[in-house]
Each structure stands twice: as C-alpha cells, then as structure tokens.
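This report concerns only the one structure given below.
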Amino acid sequence: MPRQEKQRSDSTAHLVPLPGTDWTVWRDAVLRTGGFPADGLIRLAAPEVATLADEALESGDYKAFFEAYERANLLSSAAISEIAGDPLFREAVAWQNPALVPILATVAADPAPTGNNRARHKRRARELMVARYWQRYCAKNETIGFFGPVTWGVVDPQAPAVRVSAGPSLTRSRETFLEYWALDRYCDQLAADPVVRPWLPVTIQSHLSFDENAAVVRHPDGPIELSTTEAALVARCDGRPAMHAAALDLVDDATEMLAVLDKLAQRGIVRWGVDMPYNPRAIQVLRATVEAIQEPVAAERARAGLDRLEAARDAVSEAAGDPDRLAAALAVLDSEFTAVTGAEPEHRAGQMYAGRKLCYEETVRDVDLVVGGPLLTALAGPMAVLLPAARWLSATVARTYDDALRDLFLELAGDAKELPLSQFWGPAQGLLTGSGRPADRVAVDFALKWATLFGLDTAGPGTRRIEIRSADLAAQVAELFPAERPGWPGGRIHSPDLQIAATSAQALARGEFSMVLGEMHAAWPTLDCAVFVDRHPDPESLYAAAAADIGPQIRPLYPTDWPRYTARIAPVLGRTDEQFAFAAAPGGDPARLLPITAFTLMEREGVVVAVGADGSSRPLADFFALLMGWLATDAFRLTSGGAYSPRVTLDRLVVGRETWRTTVGETGLGKVVGQQDQFLAGRRFRRRMGMPERVFVRLSSEIKPVYVDFTSPRYISSCCAMFRAAGDDVGVVFSEMLPEPDDAWLPDAAGRRYFSELRLQFRDPAAPAG
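The opening residue of the sequence shown carries number 1 in UniProt numbering; numbering runs sequentially from there.
Below you can see the structure in the form of structure tokens.
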C-alpha cells in the first residue's frame, strides 16, 4: 500500500460509515447507566390510590380515598425502610453524605411512622430524603460513582442491533480520587510552609508575558517594570523545583533572593508552588513535584502530609462495598485533611454539583457492549436530518460571532486601529453571557426553523403527537439549514445522547426497539472528557482519533472558579492544543501556552487577527471557538419555548418529548400542606395539564431534573416541598418520561434491567474553513 494511502486509512480507522449518508460515527461509544434497577421507581407508586383520588375529585366522596391513602402510606413507609436498609443504597448515599448513614439505619429499623406528631414529622422528612436519593439512583444516568457507572462499547456495523454481556458484578473497576480543591488546599499549605516553600517551583503567571530585553512584564492592567535582579529571577522562573539554588548567583544570599521572589509572588507576577493541571492527573503532578524536592527536611515535610492524605484515601477505597466502614473511613479522611491543612473538609457548602466532599469514586460497569448495524440503520434517517441542522448551528454561531467580535473590536480600538487582546477579553464576555447575546438570536432563529421543519408552528390545538418520515424532510432540511461546513474544528463533531427503549436486550437484538434523543451536544465532542477517557481500555486510540478529526485548537486555560467546569470533566484529548491563558490559571504547559498579554488585535483584509510578540497571527475567532461550542449546544436545547410542545418522532427516534412549561406559582403545588391534600392537588394539576403519570421536572433555578410519579404519595409530597422552597416566580418544565421502566433494556447478571444512555460521536464529512 502506498504510504499516503496507508496514512489516510489509519486516520479513519476509528470511524464507521453512517448508512446512506456521507457522515461517519466513532467506533468507540460510551454507555452511561443507572446503578439501581429501573423498576425500583415503581416501589413507591400507588396507582390504585391515584384512581380513587380521581374518582373522589369527580364525586366529592373522599372516604374510600382516605382509607386507601392511609394503607398506601404505610406500604410506602415499609418500602422506604427496605430501601434505607439496602447496603448498596446506603453505600451510594455514604459517598455523597456519610453523615446520613446512621439516619438511614434508623429509617430501616422502623418500617412505620410512630410516636407523637413531632416524631412522625421527623420520620416523614427522612422518608422524603430517601425518596429523593432513590429516584436519582434509579432514574438517571449521571456518571457519578458506582451508582452511575460507565462503560465503553464498540460500534460494529456487522453486529446485531446490540450485543451485551453482563458480568457477575455491578462494577468491573472502582477507583477513588481526591477532589482537586482538596489537593489545591494541600498545595497552599506547602506554599505557606517556610521550610518547604523555598524548594517549590516558581513560574510566571500563565496569563502574563515577559520581555526580558526590556525587563517588563506585560500585565492586563498595564506593563510592570522590573529591577535588574527581579528581571533576572523571572527569567529563571521555569517551573523547575529548587529554582532558587540555580539562581543564587544573582543575589548576595538565599534570604535576599527568597525575599525578592516573595515580593514578585505578592504582586501576582509569579506563581510560587505546585502547579497542578486542572484535571484528574493533578495528584500525579503533585506527587512528582514533592518527590523532586532535594533538600531532605523539606522533602520529608512535603511527603508526610501527602502520604497521610493518600493513605486515608486508600482506606476509603478499601472500605468500598461496606457502607458503615465507608462512612467511618470518610470521617477519618475528613479529620486527616483538617489535621494536615487546617481547612474544613467541605468545599462550597450548600452548593449543588460542586464537588464539595474530599473524594469521589469513578467506576466502570461490568458489561461488554457492541452496537450493531440495525441500530445504525435506524439512526441514519433521523441523523441525516439532525446533523445538517447541527452543522448549520455551528456555522451560524461562528459567522455571527465573527461579526460581533469584529464590531466590538472596531468600537473599542477606535482610531488606534489596534488593541491589546487583554483589553478586549473582558468586554467580549458580554457577548457570551447574560442577556442580549448574539447566540440568543441564533437560538431563536434555530427554534423557528425547527418548528417549521416539524410542523410545530402549524400543529392544530390538541395535537399531542407529530410523526414524520425522515425521507420526507430531505429537501426541507437542505433549504432551512444550508451550511457547507462547520464553524470551527471542534464543531465538526456532534454528540447525541440516545436512550433506547426495548423490553429486553433480546428484543433489542431482534430489532424491536425505539429511541429517544436525550440531548444533542451540537458542535461539542463530549467523549473528550476525563471521566470517560480515563475509563477507556486504550486511551491512546482516542488521542489519535481526536487528532485525526479535530486537530490542534486554541483551548482556554480555565481558572478553577470557571462556571460549568470541573477537573473531573476536563477535556484531555487535545494534546496538541494551544493553551490560551486569559487569567491566572493552573496547569499551563510553557511549550503550548498563549498568554493573553502577548497578543495585540488588528484588522487585516477585513479579518480581526491576534498578532503575537513573535509576529505570528491567528484569527480572533479562534480564541473563542470552544466557548462557542457551549453556545451551540445551548441553542439546540432551546427548540421550543411555548407553554406546551407535543412529542415529535422522526422515524423511530423521538426528537422532542411532550413538554409543559409554567411557573411554580401557577402549579399551586407549593402552597399546599398536608399529605392527602398534596396528593389530591397533584392529581388535580396533572389532570388539568393533561400530563402522564410519570414525568421529569426541572426548575429554572436548578441544573438537574427530578423524577415525579403522580401516583406516588412520596414523590408528590417531595415535589410540593421542592416547589415551596423555590418560590412562585421560578419557571418549571415538565417532560414526559421516556423510556418508561418497562422499556429499560440493559440487564445485569441477575436479569434486573437498568436505564441507560448511549453517547455517540458523529463526524462531519466537511472540515472547517482554513
């Protein structure tokens, strides 16, 4: 085979054709799953009570309902006691909140509410707590710990729709990690230790640039002139440990040199300490930095605390599988952390989804999966509609922001015709966040086109189902979403989350299935995520695939307080990406670093470019491309904003669930007190809205939806409590539950079935311009 042809073959070995299209899909796919069986949700349902409640609301005779409700109430309490006593459930809760483990034991020991009113109220609150955790663990595929394990599957066009083999355990592997913020606190402790600090690395802050000839540091607030000694020291701040030993010739003694370095650090010019990457590899860098300290006393002090933290973490890992041992081990880790760092063992207390505890677990499900040709064929038609729309979205966002960024540059630069990039970045954030963004106009335009494509704008009153053949939309898709190529390199990849509905794995293999589009991550390669990549059996193959499809990009180097971003979900595949440091941020690689202060903006032939100190130039839009990816994905979510949206099905793929939008106040549920009254109010509200019994509910003030079963006294009461805490003006979205528990197909070795979500990556056949 000629060398050029072989290279071309190797660069596409990770791809599989999407039948009947020129698009391709990655051979590697992620399956995200729940950690508890789907039918666990039904344990707290009471359909017979719901029927009697509806009859009572019609007739005005509530006697039979009240009696049935009390019986169901006792049965629900007994079920919750069983759930609270389940060792697997107790362990799941322990990972999130170990203080609840003894409380679960009290709930498990008492299957029925007893005692005085205060005791019953306390018991009631604990039951609702158990119900909230239970619905999350059974219904949602969140990739959090062993109760949300992941697995990598293979896409093989020659295989049946699915081939799955479940191993004897829920998880195949488990690994415990210290949270980034906890490691960062330890690094702060090292940097504050006068014995260790002199031996820690020193680097210039990532967003600053240094002109050694002029002895000037370029800072966003303006140039900082340095003394001869300061400039000589900054020139040697290359991140190597014991840098001061190599620089001792610059000053009379070590004390003077350390004082100069300390002054530079206080002025924000240098970063003095361990510079960990903001991803799960942080601890490896921390350990390597500590081990590189050559002074024996400093090395021992630095190692001692880290050894204690890692030993406590290992004890947590060894306790996995035993909720009581786990809770105790987590408590020891808390106390060790405080002893070593002096800090409290919780981060951002009161905030959800913020990695508040000291450690977390990552797991791989004990299952092997092959996704085959029939599933790809069933997806091909719908994807031939959705993927061109996603391409148009990326191209339109890119074009819109090219114009918006250029207009802002011209406004800010004025007659000067050029502007430091550091003076542009702050004002440009207004184009990306808040109200009135250019992306909002794109989202509105996209939603209108979506409504036209599927006939949502012409659907008559009472229309609840729209079913369309993808073949009938080909011409209209081309007309509504004309775009020849994606807007940026990463925009070449689109990642849908797909939920497959089938009564069993065998039925799915026979082709008896339907599909539901959970979310379309338009222009966003979501498999590039540390939590996924680090679980892959051959991560190097993923690095090669990303390099072939996307190539190098300018990737922002995010500070640790950047919204919607954590070390756990950090992209890690872009080894050749350049790192754009727009603020002080950890983990910069000097070989790939692009400090914001090194660039000046100017217009060349109608294009705004960022010109570096070395004379090289890059289009300004390249610095914003990956931020645009978030905007494109957000825009795809906003396909409808009316009070009601019908279910939309394209061939065998539901591309839009039936959805209702209102406010907490309009539901009336936040004002109702009393268990029976809440249940009746829930039944009345469900009937008024025409909703199914099982829905997901998301408040506009929250990130994640929660499951609500309108036949369940516990879930209705939990929903009422959630609404009461939120406030009347908060928006709320109800969406039908699809798939239902009966359509959860993924089995374990015992035949229990779980909800799951398949994440694929589709590659655009067209590369971006340039």
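Ideal Cβ placement from N, Cα and C applies to all residues, glycine included. Bear in mind the structure is a predicted one, so any value in this text is a computation, not a measurement.
Alpha carbon of residue i to alpha carbon of residue j, nearest angstrom
i, j, result
"Ile103", "Arg465", "45 Å"
"Ala182", "Ser165", "38 Å"
"Ile550", "Asp709", "43 Å"
"Thr21", "Ala329", "54 Å"
"Gly373", "Trp26", "13 Å"
"Thr526", "Arg637", "15 Å"
"Ala119", "Glu467", "52 Å"
"Leu448", "Gly381", "22 Å"
"Ala681", "Glu736", "19 Å"
"Ile269", "Cys237", "11 Å"
"Arg218", "Ala231", "12 Å"
"Asp565", "Leu421", "Checking the sequence shown, residue 565 turns out to be Tyr, not Asp. Going by the C-alpha atoms only, they are around 23 Å apart."
"Ile569", "Leu190", "26 Å"
C-beta contact flag for residue i and residue j at 9 Å
i, j, result
"Gly588", "Pro552", "no"
"Glu484", "Ala544", "no"
"Arg469", "Leu650", "yes"
"Asp28", "Ser541", "yes"
"Trp152", "Ile500", "no"
"Asp538", "His521", "no"
"Phe146", "Leu178", "no"
"residue 774", "Leu699", "The chain is shown from 1 up to 770; residue 774 falls before or after that span and cannot be answered."
"Thr639", "Phe409", "no"
"Leu233", "Leu208", "no"
"Ala530", "Val572", "yes"
"Val611", "Pro619", "no"
"Leu456", "Ser645", "yes"
"Val733", "Arg661", "yes"
"Phe755", "Asn141", "yes"
"Pro111", "Ser59", "no"
"Trp272", "Ala265", "yes"
"Arg371", "Val216", "Strictly speaking, residue 371 in this sequence is Val, with Arg absent from that position. Taking 9 Å as the Cβ cut-off, Val371 and Val216 do not qualify as a contacting pair."
Which of helix, strand or coil DSSP assigns to residue i
i, result
"Gly426", "helix"
"Gln506", "helix"
"His121", "helix"
"Ala416", "helix"
"Leu226", "coil"
"Ser209", "strand"
"Gly373", "helix"
"Tyr707", "strand"
"Thr171", "strand"
"Phe636", "helix"
"Thr400", "helix"
"Val251", "coil"
"Glu346", "coil"
"Gln189", "helix"
"Phe723", "helix"
"Val164", "strand"
"Pro496", "strand"
"Thr433", "coil"
"Gly629", "helix"
"Thr649", "strand"
Neighbourhood of residue i by C-beta, 6 Å cutoff - its chain only, sequence neighbours within 5 removed
i, result
"Gly350", "Confidence in Gly350 is poor, its pLDDT being 44 and thus under 50, which makes the residue's placement unreliable; the coordinate value appears in the next sentence. Result list for Gly350: empty, nothing under 6 Å."
"Ala523", "Ser394, Gly491, Gly629, Ala632"
"Val655", "Leu517, Val648"
"Ser173", "Val364"
"Arg301", "Val195, Val196"
"Glu295", "Trp199"
"Pro388", "Val477, Phe481"
"Leu473", "Val385"
Beta-carbon proximity list for residue i, same chain, < 7 Å, skipping 5 on both sides
i, result
"residue 771", "It is not possible to answer for residue 771, since the shown part of the chain is limited to 1 through 770."
"Pro741", "Ala38, Asp39, Leu41, Ile42"
"Ser718", "Leu128, Ala131, Arg132"
"Ser11", "Ala548"
"Ala769", "Arg485"
Close-in-space but distant-in-sequence residues of the same chain around residue i (CB under 8 Å, 5 per side omitted)
i, result
"Asp322", "Pro87, Glu91"
"residue 802", "The chain is shown only over 1 to 770; residue 802 falls outside these bounds and no answer can be derived."
Could I get the ranges of all uninterrupted alpha helix (DSSP H) runs contained in the segment 74-146, with 4 residues as the minimum, in chain order? 87-96, 101-109, 117-139
As an exercise, report each continuous alpha helix (DSSP H) stretch of at least 4 residues that is fully enclosed by the segment 558-623, in chain order. none
Any chance you could list the alpha helix (DSSP H) runs of at least 4 consecutive residues sitting entirely within the segment 442-493, in chain order? 474-480
Give the list of continuous beta strand (DSSP E) stretches no shorter than 3 residues that lie fully inside the segment 660-685. none
Where are the beta strand (DSSP E) runs, 3 residues long or more, that stay fully inside the segment 501-550, in chain order? 514-521
Complete runs of the alpha helix (DSSP H) confined to the segment 240-318 [at least 4 residues]: 243-247, 254-266, 282-291
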